[in-house]
Structures are given as C-alpha cells and as structure tokens.
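> The sequence shown begins at 10 in the working numbering and counts up one residue at a time.
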Amino acid sequence: MSGAKFDVVGLGNAIVDVLARADDAFLAEHGIAKDAMNLIDEPRAELLTEHAKNPVITSGGSGANTIAGLASFGASASYIGKIADDELGHQFMREMMAAGVPFHTRPLTEGPATARSIIFVTDDGHRSMNTFLGASVLFTKEDVSAEMVRNGSILYLEGYLFDKDEAKEAFVHAAEIAKAAGRKVAVTMSDRFCVDRHRASFRHLVKGFADIVFANEAELKSLYETEDFDAALRALRADCAVAAVTRSEKGSIVIGEGAPVVVPAMPVAKVVDTTGAGDQYAAGFLFGIARGLPLATCAHLGHIAAAEVISHFGPRPEQSYKALAEKAGVFA
C-alpha cells in the first residue's frame, strides 16, 4: 500500500517466556490444563518458575513472535505492547530491537511486573502455557501510536489482549485508526479459551473490522459455537474476505475468492515444541500478503515457518525464514 513504512504493525501482549520440559504427571500435580493457555496470578507465576527445571528464558507473546517471524522473512515490521520498567521488560525490548523490530511503547513504572508465561512442554511436543499477564494488559488507548498504525500496510491484532476491557478498547481504537487510513486489519483468535471468554467481542471484531482472520480448528468452532467444522467455515467465509484456518498435521484451509483451498503442512522429522507454531504460520502468511502473493503461496510460507519453529525449543525462528523460503522456491 502507498505511503506505508512497515509491512506489518503488530499490537499485542509483551511477554517473556519461561520454557521448561515436563511430563503429564507434573501437569496433573500442579493442576495445569494441557495444551491450553491458563491465566495465573503473580504468586503462582513465581511458584511455577521455581518448579521449572533448566528453563529457557526468551521474549515471547503471540503477536510479538509473529512480528519476529516477519522480520526473519525480510519484512519491515514494528510492535506495540506494554512492558514494565524491570529486567524482563528490558530483555523484551532488547530482543525485539535485536530482531530489527522497532519497539517504543512507554514502559509501566508502577504496578505489576512485565508479563511472563511459564510454558511446560511435554514429550509429545504440546505446550501448556501458564500466563501472568502483568503489565501487558495495562494497555490503554493512550499507548496506541496512531502514527505507527497508519505507517503499517497491515495492522496485526493479537486476541490474547482481549482479557482486560481497557486493552480491548485500545484494540478496537487501533483497528479504527487503521481502517480510516485505508490499511488492512488482521486478527488472530489466539486460544480457544480466549474465544470462549470473549466470543461476542471477537465476532464483532471479525465482522466489523477484520480483513484477514487466523484461527485453528478449535478456535473456529468456539467462535461460531458449533462442532460442525464445515458449518463454522461457512460462517467465517460470510464474515470476512480472507482467512486461514490451521489444522495441525492436516495443514490449513485458506478462504478467499472462490472455493476454500487446502494447503498441506510441511513434513517435520520430529516435533520438539509446538510453542509458536500458529504465530509463525501467521508470519509466513502475512509476509505473503504483504508481497501480493497468491493465498495458497501465503499458506505455504506459513507452513514453512511453522515447521521450522516446532522442530526446536522456543517460539521464534532459529533459521532464516527468508533462506528457507528461497530454498523452497518462493522468492518475494
């Protein structure tokens, strides 16, 4: 789009991930719902951090992971999210800037700490997230840089931010700025329990603002309150112009003009950690959209990124996505 400084501007939670291996018995012992995002308070965050064995501490957050993935593809991207003025907040800022992503949101100087997600990964690769939202959801309309939003061809909104009303208002405010500037708005559902909690707001956002929607199969069924996947897909087609629905090893289904297109997943020798899989799929898809590629190619790029991230520990790329795409014959 004309006049855009960034391909994508992301808005979402600014979270530092604490990743550790665990087994199902550990999850049961600590009352952790497997393969879901569990909201916790600060004391529980401290407790679970203490019990995390040999943790890897790295910047995360769903939307921020996507933005880091976009940078790995060679896109120009920036991020808006709330941190506290503490060591984890400083780490988040350093790692975003090191990835080539401008991050200038004013930090919180009083109140809760920077958000933290303690993620336990089982041998089957599934991740169980225990998230203390902390400073990340103390995000208001005043934290939205209208200039930055207008400077992005696509505004990418992370659904997890919906868990506080002021943050939700900021979310919609940013979408209104983007639409008024003639920019595209992309929304990710983030988590099926998040959709359960805020279904009406998500439906309003999808129908009223979203040009591009990301969801997995469980989130899509929750959004439209049906166990009939085909019915949910038809409802989504009626509500938005472009959507990508991921189905793990089944690949993804892409909605655009004409009939939905099924795009196969990339083969992976061993699934190590599914943390960030959906985030990186969105990175590849959005990169393709920003470069004007066919939707099936956008989905293929998404699967390339997802395959890379689930083959190692952690939610962000270890290899260059640009190099992987070129190796696969996609040049953009």
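A virtual CB, placed ideally from N, CA and C, is assigned to each residue, including glycine.
Note that the coordinates shown come from a computational prediction; the quantities given were computed from them, not determined experimentally.
Report all residues from its chain with a CB closer than 7 angstroms to the CB of V65; omit the five preceding and five following residues, and keep chain order.
L28, F322, G323
> Rounding to the nearest angstrom, what Cα-Cα distance links A305 and R243 in this structure?
Cα-Cα distance, rounded: 19 angstroms.
> Based on the DSSP secondary-structure assignment, which residues constitute the bridge partners of A240?
According to DSSP, A240 bridges with nothing at all.
> Mapping the DSSP letters down to three states, classify K193 as helix, strand or coil.
strand
> Taking a contact to mean a Cβ-Cβ separation below 8 angstroms, would you say C203 touches V222 in this structure?
C203 places its beta carbon 8 angstroms or farther from that of V222.
> Would you list the one or two residues that DSSP bridges to I66?
Beta bridge pairing from DSSP links I66 with V27.
> Provide the residue(s) that pair with N139 in DSSP beta bridges, ordered along the chain.
N47, I127
> Taking 8 angstroms as the threshold (C-beta atoms), are I163 and V254 in contact?
Going by C-beta atoms, V254 is not nearer than 8 angstroms to I163.
> Quick one: residues in its chain with C-beta nearer than 6 angstroms to the C-beta of L20, no 5 flanking neighbours on either side, listed in chain order?
I89, L166, A183
> Could you tell me the alpha carbon to alpha carbon distance between T149 and G40, rounded to whole angstroms?
32 angstroms
> Which runs of the alpha helix (DSSP H), 4 residues or longer, sit entirely within the segment 81 to 126?
96 to 107
> Measure from the alpha carbon of D95 to the alpha carbon of each residue in F238, T118, A108, then state which is nearest.
T118
> Helix, strand or coil: how does DSSP classify A314 here?
In the three-state reduction of the DSSP assignment, A314 falls in the helix class, which pools H, G and I.
> Leaving out five residues before and five after G267 in sequence, what residues of the same chain have Cβ atoms less than 8 angstroms from its Cβ?
Its chain contains no residue whose beta carbon lies nearer than 8 angstroms to that of G267 once the 5 sequence neighbours on both sides are disregarded.
> Going by DSSP in three states, A224 sits in which element: helix, strand or coil?
strand
> How big is the Cα-Cα spacing for I92 and G70?
11 angstroms
> For the beta strand (DSSP E) holding I262, just list the boundary residues, first then last.
Its beta strand (DSSP E) spans residues 261 to 264.
> Run through the DSSP bridge pairs and tell me what G161 is partnered with.
Under DSSP, G161 shares a beta bridge with F15.
> In terms of residues, what are the limits of the beta strand (DSSP E) holding A292?
First-last for A292: 286 to 299, but that is the alpha helix (DSSP H), not the beta strand (DSSP E).
> Using a Cβ-Cβ cutoff of less than 7 angstroms, which residues in the same chain neighbour E236 once the five nearest sequence positions on both sides are dropped?
K230
> Touching or not, the segment 103 to 116 and the segment 45 to 57, by the rule of three or more beta carbon pairs under 8 angstroms?
no
> Quick one: is R115 buried, meaning 16 or more other Cβ sit within 10 Å of its Cβ, or exposed?
exposed
> Which residues in the same chain as L310 place their Cβ atom closer than 7 angstroms to its Cβ, once the five residues preceding and following it in sequence are excluded?
G293, F294, F296, G297, A334, V339
> Determine the extent of the beta strand (DSSP E) in which V271 is found, giving its start and end residues.
270 to 272
> For L20, which three-state DSSP category applies?
strand
> Quick one: Cα of G285 to Cα of A240, how far?
If I take the Cα positions, the gap works out to 27 angstroms.
> By the 10 Å Cβ neighbour count, where 16 or more other Cβ atoms means buried, how is G72 classified, buried or exposed?
Buried, since its Cβ has 16 or more Cβ neighbours within 10 Å.
> Identify, in the order they occur along the chain, each residue of the same chain with its Cβ nearer than 6 angstroms to the Cβ of I76, setting aside the five sequence neighbours on each side.
Shown here for I76: same chain residues with a beta carbon closer than 6 angstroms to its own, the five before and five after excluded, namely G19, A86, Y88, V110 in chain order.
> Do F141 and D50 have their CB atoms nearer than 8 angstroms?
yes
> Which whole-angstrom value describes the C-beta separation of G161 and F15, a residue pair presumed to lie in contact below a C-beta threshold of 8 angstroms?
Rounded, the Cβ-Cβ distance is 4 angstroms, consistent with contact.
> Taking the CB atoms as reference points, tell me whether G260 and A274 lie closer together than 8 angstroms.
yes
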